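Numbering (the working numbering), first residue to last: 6 to 245. Glycine included, each C-beta is placed from N, C-alpha and C at the ideal position. Please read these numbers as outputs of a predicted model, since none were measured by experiment. A quick write-up on the structure given underneath.
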């Protein structure tokens with residue numbers, strides 16, 4: 006068994022324990038393996054160990070990886086864009102990814118909708134929240150999230166699936182959980198709206214390697230784990 010396969014097993018055990026501690030069903034939380042900065046070989050090893058969903062932050066790197074793996078015949082993978090996307094990169098996301106987690110402006114969602122190829126299934130999208138209020142952080146403020154969700158839900162070629170958040174690091178479990186609960190509250194507000202375009206609104210993308218347990222306790226349905234699976238990165242990169 007490879008190191009990546011061992012790490013995957015360890016993370017899945019953490020997830021199962023976190024679900025049990027939160028009195029949630031086993032399997033209630035999906036694992037997204039964040040493979041940014043790691044090559045196709047690392048993804049192949051994780052896929053061989055049963056991992057299907059992979060998250061990428063850097064669009065050009067991700068597209069090259071996706072194409073390489075397709076050419077090698079590695080099929081059945083699900084690709085999630087979890088990094089910031091400028092307007093000039095939306096076409097690459099629309100053409101190559103299955104999910105987009107970082108919609109925080111209607112303009113980006115409109116471009117993704119217009120550029121999603123007809124032969125592909127609709128792009129699954131999440132709205133990114135900024136629950137900390139930091140001016141330099143990506144994400145829509147909680148007070149503006151409902152209006153954005155209503156607008157995105159009406160766009161063709163997209164399916165609004167949920168919300169995503171990357172709060173500032175916190176030192177304790179309770180502090181981490183409190184931040185995640187802010188995102189959960191917005192998720193619940195949007196879900197309560199109901200209506201057309203929100204039939205599949207079911208995803209709360211919260212938690213990373215360091216705060217996985219607190220995210221699960223707060224209600225996360227998908228955690229994004231990179232270093233816990235693939236190991237430390239050789240160059241400084243933004244957090245996964």
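{"Check": "Residue 118 burial status per 10 Å Cβ neighbour count (16 or more: buried)", "Outcome": "buried"}
{"Check": "One or two residues paired with residue 85 in a DSSP bridge", "Outcome": "60, 104"}
{"Check": "Distance CB(residue 153)-CB(residue 144) smaller than 8 Å", "Outcome": "no"}
{"Check": "Residue ranges of each alpha helix (DSSP H) within the stretch 193–226, 4 or longer", "Outcome": "217–223"}
{"Check": "Nearest-angstrom Cβ-Cβ length linking residue 228 and residue 37, presumed shorter than 8 Å", "Outcome": "7 Å"}
{"Check": "The stretch 75–82 in contact with the stretch 104–122 per 3-pair CB rule at 8 Å", "Outcome": "no"}
{"Check": "Cβ-based neighbour list, residue 103, same chain, cut-off 8 Å, excluding 5 preceding and 5 following", "Outcome": "83, 84, 85, 126, 128, 129"}
{"Check": "Endpoints, the beta strand (DSSP E) within which residue 115 is located", "Outcome": "Taken as a continuous stretch (DSSP letters only), residue 115 belongs to no beta strand (DSSP E), being part of the alpha helix (DSSP H) at 111–120."}
{"Check": "Distance, residue 172 Cα to residue 159 Cα", "Outcome": "28 Å"}
{"Check": "First through last residue of the alpha helix (DSSP H) which encompasses residue 9", "Outcome": "8–26"}
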